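All remarks here apply to the structure that follows.
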Amino acid sequence: MLNHIVLSVDFELFPDTLAFQKLNSEWKYGENGESGIARLLDLFDKYGVRSTFFVVARYAQSHNQLLQRIRNSGHEIASHTMAHINFRNRAYDEIEREIQQSKQVLEDAINDTVIGFRSPAFRIDRRIAGAIVQADYKYDSSVVPSWSIPGWYGLPQAPKHSFNIREIFPGADLDLMEFPVAVNPIIGMPVSGAWMRLFGVSYTMWGIKAIIRQGGVPILYVHPWEIVDLPRLKGIPWRVYHRTGEQTFNMIEHVIKNTHAEFVSIRELLK
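Each step along the sequence shown adds one to the number in our numbering, with nothing skipped, and position 239 is 220.
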């Protein structure tokens, strides 16, 4: 029986990234990552990958054909909030609205139940978790159980396997399954997303194999804008662009071809 692995997609475009939002500019620069979604779907079709797409719900109407293709291809659609805002220092009612409204908008768009959520920039705390539970999601995937990385994320005290989120928020009336993103169990650092681009595919493969050896299910993530040729904008950190385009696409394909496990959606792990 094959082990399981999740290669999730954060369906956000480059204007949604927190790096671009800091520029306080409108998007007028051409390629924004949209073509990367179709490329990922073609790649997944080629290798029989089933995935979870965490979708920024404001695209539910403008990109409805893509959503239907995702769903018809056997992938799961989950929420990545309504507008991918940074939850840092936001009022609770704004956080609650982003979480609840995105679920409803996506469910109306695909005529199906949305049960999963991922927070922008993997920001999670007790009140965000409470809003996720209140909105009736069945699971979350926002915890990064890595060493704390200043300005980024990291909850080193969190389990590296799936768990009930009340384990990290003791005393809270929360009942929600958490599927944390993959962290190398040996060095305690994330293995996918920007970390694959920064450290290379061999680093990612090392982390995947280490997790599987310990009986875990690696939950990776990628962004569609990472596999296209982006315009270089002043004020965007170099790390955001590092190895984007064909290099990242080739690394994702390498992971799929060389990981001896079944690629599934997170929803399937709940069964």
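Positions of the beta carbon are idealized from the N, C-alpha and C atoms, including for glycine. From a predicted model like this one, the values you see are computed outputs, not experimental measurements.
CB of residue i within 8 angstroms of CB of residue j, strictly
i, j, result
"Asp216", "Leu(-1)", "The residue asked about is misnamed: residue 216 is Gly in this sequence, not Asp. No, these two residues do not count as a Cβ contact at 8 angstroms."
"Ala112", "Ile146", "no"
"Ser60", "Thr33", "no"
"Met63", "Glu88", "no"
"Pro166", "Lys141", "yes"
"Gly169", "Trp133", "no"
"Gly11", "Pro212", "yes"
"Ile(-14)", "Ile233", "no"
"Lys119", "Leu250", "no"
"Val209", "Ser16", "yes"
"Ile91", "Ile58", "yes"
"Ala41", "Gln81", "no"
"Thr229", "Glu207", "yes"
"Thr225", "Arg194", "no"
"Val114", "Ala38", "no"
Residue range of the alpha helix (DSSP H) that includes residue i
i, result
"Phe(-5)", "Where Phe(-5) is concerned, there is no enclosing alpha helix (DSSP H), given that its DSSP letter is neither H nor E."
"Tyr202", "From DSSP, Tyr202 is part of no alpha helix (DSSP H) but of the beta strand (DSSP E) over 200 to 203."
"Phe230", "227 to 239"
"Asn53", "45 to 53"
"Ala100", "Here the sequence assigns Ser to residue 100, which means Ala is not the residue at that position. That residue, Ser100, is in no alpha helix (DSSP H); it is neither H nor E in DSSP."
"Glu77", "73 to 91"
"Lys27", "15 to 28"
"Gln115", "107 to 115"
"Glu249", "247 to 250"
"Tyr222", "219 to 222"
Limits of the unbroken beta strand (DSSP E) element including residue i
i, result
"Arg244", "The sequence as given places Phe at residue 244; Arg does not occur at that position. Looking at the DSSP string, the run of the beta strand (DSSP E) that includes Phe244 is 242 to 244."
"Ala191", "Unbroken run through Ala191 is the alpha helix (DSSP H), 182 to 194; no beta strand (DSSP E)."
"Phe34", "33 to 36"
"Ile58", "57 to 60"
Nearest-angstrom beta carbon gap, residue j and residue i [assumed within contact, 8 angstroms]
i, j, result
"Arg31", "His65", "Not confirmed; about 24 angstroms, so no contact."
"Asp106", "Leu157", "About 13 angstroms; that fails the 8 angstroms criterion."
"Ala139", "Ile149", "5 angstroms"
"Asn67", "Pro101", "6 angstroms"
"Pro126", "Pro161", "5 angstroms"
"Leu47", "Ile18", "6 angstroms"
"Val36", "Phe(-8)", "4 angstroms"
"Ser183", "Tyr202", "Not confirmed; about 19 angstroms, so no contact."
"Arg248", "Ile96", "6 angstroms"
"Ser123", "Arg104", "7 angstroms"
"Phe144", "Glu159", "6 angstroms"
Should the region 44 to 56 be called in touch with the region 226 to 241, which here means at least 3 C-beta pairs below 8 angstroms?
-> no
(request) Quick one: which unbroken alpha helix (DSSP H) runs of 4-plus residues sit fully inside the region 131 to 181? Chain order, please. (result) Segments of the alpha helix (DSSP H) lying fully in the region 131 to 181: 175 to 180.
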